[in-house]
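Chemist: There's a structure below that I have some questions on.
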Amino acid sequence: MAELGVWYDQDGGDAHREGEPLIVVRTDAELDALIDRVRDETREHRCPAAIQVVLNGNTGYPILEVGLGQSTGFIHYHADDAARTIGDGDPDAVAEYVYMGNLSEVPADSEVPIEVVRQGLHEFLSTGRRPSVLQG
């Protein structure tokens, strides 16, 4: 099982500075708790939250950008074998998410049911490799 590092802070800032640590996720239970926390904390927000996920201790790729809405979300996987979730949204439209206090837009067809996002994150935690729920 891999160990994940997660950046999530709705107030902005730099997780590399003292006092703004990376969230370390080692178990399936910790991952579920973090996903639920992010969704609970942003339930009333206009835009859902996005997080960034890496293999803890790895300074390069892969990097996952992950959107965690109430019913939908997305995963964009950045590495040599880049891929993303593909849903049935309009590929010419955008979906808005907030990452570390900044508005981000992703193609609306990246959004899939939140259960698919959760599955992809658990697979990444388990294998440290590109989740099979992605296409690209």
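Just remember that this note's numbering sits 26 ahead of the position in the sequence shown, which is counted from 1. Glycine included, every Cβ here is placed at the ideal spot set by N, Cα and C. These numbers were taken from a predicted model, which means no experiment stands behind them.
1. How should Ala119 be labelled, buried or exposed, when 16 other C-beta atoms within 10 angstroms of its C-beta is the threshold for buried?
2. With Ser152 as the anchor, note down where its alpha helix (DSSP H) starts and where it stops.
3. For Glu122 and His104, I'd like the C-alpha separation in whole angstroms.
4. What residue range is occupied by the uninterrupted beta strand (DSSP E) comprising Leu30?
5. Within the continuous beta strand (DSSP E) that includes Leu94, where are the two ends?
6. Name the one or two DSSP bridge partners that Leu129 has.
Modeler: Taking the geometry as given:
1. So Ala119 counts as exposed.
2. Here the alpha helix (DSSP H) through Ser152 covers 140-153.
3. The C-alpha of His104 is placed about 19 Å away from the C-alpha of Glu122.
4. If you look at Leu30, you'll find it in the beta strand (DSSP E) that goes 30-33.
5. 89-94 is the span of the beta strand (DSSP E), which, as asked, contains Leu94.
6. Answer by DSSP bridge pairing, in chain order: Val124.
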